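Here is the structure we will look at, set down as structure tokens.
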Amino acid sequence: MKKYISSFLIAFLCFATAFAQTDSRNRVASTIVADGLAQLPAKNLEVFNRVMSEMAATGEQGVLQIAGNLKPAGDNVKNAVFEYALSGITDYAASREGAKCRPGVKAGLLKAFDKCNDETNKTFLITLIRRVAEPADFSFFANNLVNPKLSVPALAAIESMSGIDADALNLVKNGGNVPHYSLAKIIEARKLNGVEDLLISWINGADAKTKIAVYDALAAVGSAKSLKVLENAAKAAGYAPDDSRALDAYLKILYRSDNKTVLKSAKNLVKSSAPATRCAGLALLLKASGNASGNEILKALKDGNVEYRNTALDFAKETAGEGIFAKVASNFSKLSGDAKVDVVKWLGNNHVNSQEAVILSAVAANDSALSCAGMEAAAKIGSPKALEALIAQLSGRNGEYASKQLLAFNGDISSGVLNVLKTGKDASVLVPALKLAGQRHIHKAYDEVAKLTGSSTEAISSAAYEALTGVVASASNYSDNVASLLEKSKGASTVKLQTALCNSLVAQNASSQYAKAAQYLKSSSHPEYYYPLLAQSGTSEALAELQKALNNSATAEAASKALLIVDNSNVIPVLLNEARHNSTYKEQLLSRFVSLVVKYEGNEVKKYQSFINALDIKPSAELSNSIISELGKIYKVQSLAVVAGKMNESDVAYAAANAVKNILAHSAELNAGKDAQNALNKAKEVALAKKAGGDADAGYAVDQITEILGKHATDGGFTLNVNSKKLSAGGKETFNKNGENIALSFDWIADGEATVVLRGVPVARLTTDKVEIVGGKKSLALNPKGEYNTLEVRIVADRLFVVSNGESLVANAVLKETVGAVKNPVAGAMELVANSGSINLRNANVCNLPSTPVYTLSDEEKKAGFEILFDGRSLDNWQGNTTGYTPDNGTIFVTANYGGSGNLYTKKKYSDFVYRFDFRYEPPGVNNGVGIRTNIGSDAAYDGMEIQILDHDDPIYAGLQPYQMHGSVYGICVPKHITFKQNTWYTEEIRAVGDRITVTVNGEVITDCNIREACKGHNVAPDGGENNPYTVDHKNHPGLFNKDGYVSFCGHGAGVRFRNIRILDLSKNAKKTVKKTTKRK
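Under the numbering used here, the residues of the sequence shown are numbered 157 to 1237, in order.
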């Protein structure tokens, strides 16, 4: 169809006339909307913004077109895309950028609302109208307040709109049938005055919901009269919270009342037995008392209820001012222990340094709870004296709590900690000080901490070594000193100093870290001490140093351990190689290897290769099970073959069975054929045995495998083979002696050269350092020497796919064009030939794919002179976008997008002809076209003719013009409407003889039109303008009268299939005839 992938629309188009409106691509509003809907949901924000701006620019017409597709909810109703579009359009129109589109969008929404008969969809439309509403739209929302199902969104709009207070007040006073509930909510939200008596009159006889709304409105706008009403209601509720919410409303109006009134009421509230009511009353009492609230606060602090006391403290500063802190402090000694704790916490939370003395006295208190509250407050005020007091508590009974507060201290604690480190003698104070030095990264403490590493008291020296790891953090100026300590260290201290050294340099870049490590290594008598630093740097030079150390028996163990902490992808091959030669650390090395492969390797084939290499080293059963589980997440035949073979090994059988289950559950292509079926049956057998052993989870596995077996396809499928084989020069492995379509995969390693042959044609060459396409220029490097490579090859119809080690070498390439073959063979030998040296194979798995259905002409068409343009196998007769149009099971499957570059053209030009083909729509809304007498790279609809191929009844094309329907000569001739079904084949014939174009579908003529007569000979406007009154789309069609041109398929997105394409060139022989199809009924 015409142009259904949009370009940017200029905003001023919003004001163009609706039906005549076109964009820079000659699209009318209905086309713009259809284009936009076809691209939803948008693949990214850029596309979303572009599509929404284009559709918003269609204004009223476009919105009505989309909204007209909304249907009442039901099992098969799909409103999502239309709701998505309308919401996006409205948001754009509501934005500053879309302001010019706003009137048109709003008008469309209002008309759509009037036409809509479904209240759910009406509710949705109201929410959209609200986003673009203006004061003039007040009556629209007011009118919908009487409908119970629409009143909620209508009310929400009125509550939030600006500039409508006069209208709202008028509605309240003259509301007619509008429910009192809605009117009360409006009064509350908009704070309308002059309606108090009216509100009060609504209380008697009101239902519970309305009464709550009235109470809230009275609380928002009422006077003393309302206060009395709400007080009586709250009193009736016992001044306690209940379903009537009378107390809430009463408290709200009190917050708006004068102090004298509040004081009287609050004194009654604090007498309530309900704790929440007492606290609310106290808050009101303090608010009304203002600066005189101090005594009330002191009185409250003597109360036995902790919430009541803390309510007083919470409102103290706000109501009584800064002076309240001193007032409370002066009465501190008279308070109960619990109240003292509350006050001290309050002083700390408010950072009241002026009452430092009270806080410090609490720190020193004998009462543990008060002391801890004091320490917490001291940490918050963060004064020097507070620091001193906390330091003094380190060796006391609450020393641990003191350490915790010092760790959170609001200020620099270095002076206090340094003083302890310098003067302290006992472990009870030095150990916590050392911990604080490390945890707070007190760099100034480095010298003292370093000295204490030499303490004769083990607890102190151990804590000092640990502290070094923190005091040096990101402070590279200490690294040399740490290195000197490290040189002399031994035992546990060595490990901590290695950590300290790494921490001191961690902020440096990798090369700088390596440079320091290399410096220390040169003069060290213990080079292994610096391996963790090498590992942290992770550079290639560092890894080389560690690999060198692996070859020295004196340093091999330390180097192996260091490798385990390198955290980058560069170490992955090093770990594997070391695991192959280091039996002592094999398990740890392989475990780290596997974890890093999972973390860093994104190529699924390389993951597979890594896991196979790990399994070849014979890890423990536990690690093997983990590796097999990871293989089960790689949904490829290579992984399937390996895990299927592992089901015969008892230690890993169940993990392998689960891996088989997982792979085949995720791949329909692999879940086919005899070998896959055998693997599933074996997996089920293993799971049943596990279940019989008491494993409940195995029962679920059995059920899942049974379900997968139910979906198994008996035909096709890969062979599952893990055997190894060596081919010497001249040898070959034949996968199929005379195959047509095939998919094969194998691992290989060569010391010479070999060739992959498909249908007898050399396709890919395998050498010792690369894999390349025969006759082509592209090649890919191999894995490191000595490691297997994986080649995946697939040929279907005329298309070749080659993937080496998970990287595409060629994809969807025409075999003949790719490898330079003289012809495009239909079938032939599928084999691997060793040309020189030898090649080792393993895991060679083959799937002989179904043969491609081949189309042949009927005897009648042969006799008439038809020629086949597509036989099901190849696009030899075509040019242009041969990748967006792909042979698939005897059909052409289209994925091409809009535009000249997305089109497929015949290699020959035609003037008069009969063109026949079958087509099928798969997803809804499919769109394509047949260009005739057109030029390459241009728009066939105007530079020739385009015969529509369109699923025109899909909802996204609502509002489509008749000249855009399937079978139309786009913009020129209108076809007869016909109905299509999804996934159903239809046969079409296009006959072009001179100026007459005839289109027939399934024997019925739907278009029979003389193009010259249709436009009265004016394919372009006589006045040279852009508006052509003689064509039905009012566009110029300069190529309409072309004498000849190419036949093309015009790509407008994926989802249509074509087959059995043939053409009769009538211009070759004027006497040549062909039987015509049925005339138009």
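Think of the CB as a built atom: it goes at the ideal place given N, C-alpha and C, for glycine as much as any other residue.
Since the model is a prediction, treat every value here as computed from it, not as a measurement.
Kindly indicate the opening and closing residues of the beta strand (DSSP E) around A1000. 994-1005
Since S901 and E948 should fall inside the 8 Å C-beta cutoff, what is the C-beta to C-beta distance between them, to a whole number of angstroms? 5 Å
Identity of the residue in D954, K717, P940, A815 nearest D1044 by Cα: If we check each option's Cα against that of D1044, D954 comes out closest.
Give the straight-line distance between the Cα atoms of T1135 and D1109, rounded to the nearest whole angstrom. 7 Å
Straight-line gap, G1056 to D1099 (C-alpha atoms, nearest Å): Below a pLDDT of 50, predicted positions are generally treated as unreliable, and G1056, at 44, falls in that range; no measurement from the model is reported.
Do Y1202 and I1091 count as a contact pair if the criterion is CB distance below 9 Å? In the sequence under discussion, the amino acid at residue 1091 is Asn, which differs from the Ile named in the question. The answer is yes: Cβ separation under 9 Å.
When you compare the CB positions of K278 and K305, do they come within less than 9 Å of one another, or not? yes
Within 10 angstroms of the Cβ of E352, are there 16 or more other Cβ atoms? Answer buried if so, exposed if not. Answer is buried; the Cβ neighbour count reaches 16.
Distance between K817 and I161 (C-alpha atoms, nearest Å): The predicted position of I161 is uncertain, since its pLDDT is 30 and thus under 50; no value can be drawn from it.
Quickly, what does DSSP pair A869 with across the bridge? List them, please. A828
Beta strand (DSSP E) runs contained entirely in the region 848-897, provided each spans 3 or more residues: 880-884, 888-895
Hey, is the region 905-913 in contact with the region 1011-1018, meaning 3+ C-beta pairs nearer than 8 Å? No: the two stretches stay apart, fewer than three of their Cβ pairs being nearer than 8 Å.
Residue of L550, A937, S209 minimising C-alpha distance to D925: A937
DSSP state of T1047, grouped into three classes? strand
Compute the distance between the beta-carbons of I905 and G932, then report whether it is under 9 Å. no
Collapsed DSSP secondary structure at A710 in the structure displayed: Residue state, collapsed to three classes: coil.
Who pairs with L936 in a beta bridge, going by DSSP? V927
What does DSSP give as the partner residues of S960 in its beta bridges? L947, E963
State the start and end residues of the unbroken alpha helix (DSSP H) segment that holds I368. Looking at the DSSP string, the run of the alpha helix (DSSP H) that includes I368 is 364-377.
Report the residue from K652, A691, A376, A656 whose alpha carbon sits nearest the alpha carbon of A671. A691
C-beta atoms of S510 and F488 nearer than 9 Å: no
So, helix, strand or coil for L1060, using DSSP? strand
Pick from I368, L374, A983, I356 that is closest to K347, judged by C-alpha positions: That would be L374, whose Cα lies nearest to the Cα of K347.
Pick helix, strand or coil for L1220, following the three-state DSSP scheme. strand
With a 10 Å radius around its C-beta and 16 neighbouring C-beta atoms as the bar for buried, classify D1095 as buried or exposed. The residue in question, D1095, is buried, as its Cβ has 16 or more Cβ neighbours within 10 Å.
Per the DSSP calculation, G132 is bridged to which residue(s)? The chain is shown from 157 up to 1237; residue 132 falls before or after that span and cannot be answered.
Alpha carbon to alpha carbon, what distance is there between I1112 and K158? The predicted position of K158 is uncertain, since its pLDDT is 40 and thus under 50; a value taken from the coordinates is nonetheless stated next. Those two C-alpha atoms are separated by around 14 Å.
Give the straight-line distance between the Cα atoms of L226 and V184, rounded to the nearest whole angstrom. 22 Å
So, with DSSP's three-state summary, where would you put P775? coil
Tell me whether F171 sits in a helix, a strand or coil according to DSSP, three-state version. With a pLDDT of only 34 at F171, under the threshold of 50, the placement of this residue in the model should not be trusted; the figure read from the coordinates follows. Helix at F171.
Coil, strand or helix - P918 by DSSP: Looking at P918 - three-state DSSP - the assignment turns out to be strand.
On a Cα-Cα basis, can you pick out the residue from S667, P981, T579 that is closest to L608? T579
In angstroms, rounded to a whole number, what distance separates the CA positions of N1001 and E757? Their backbone Cα atoms lie some 24 Å apart in a straight line.
Start and end residues, alpha helix (DSSP H) containing V754: Run containing V754: 742-756, per the alpha helix (DSSP H) assignment.
Hey, quick one: how far does the alpha helix (DSSP H) through L1025 stretch, first residue to last? That residue, L1025, is in no alpha helix (DSSP H); its beta strand (DSSP E) goes 1023-1026.
Cβ pair I569, I537 closer than 9 Å: no
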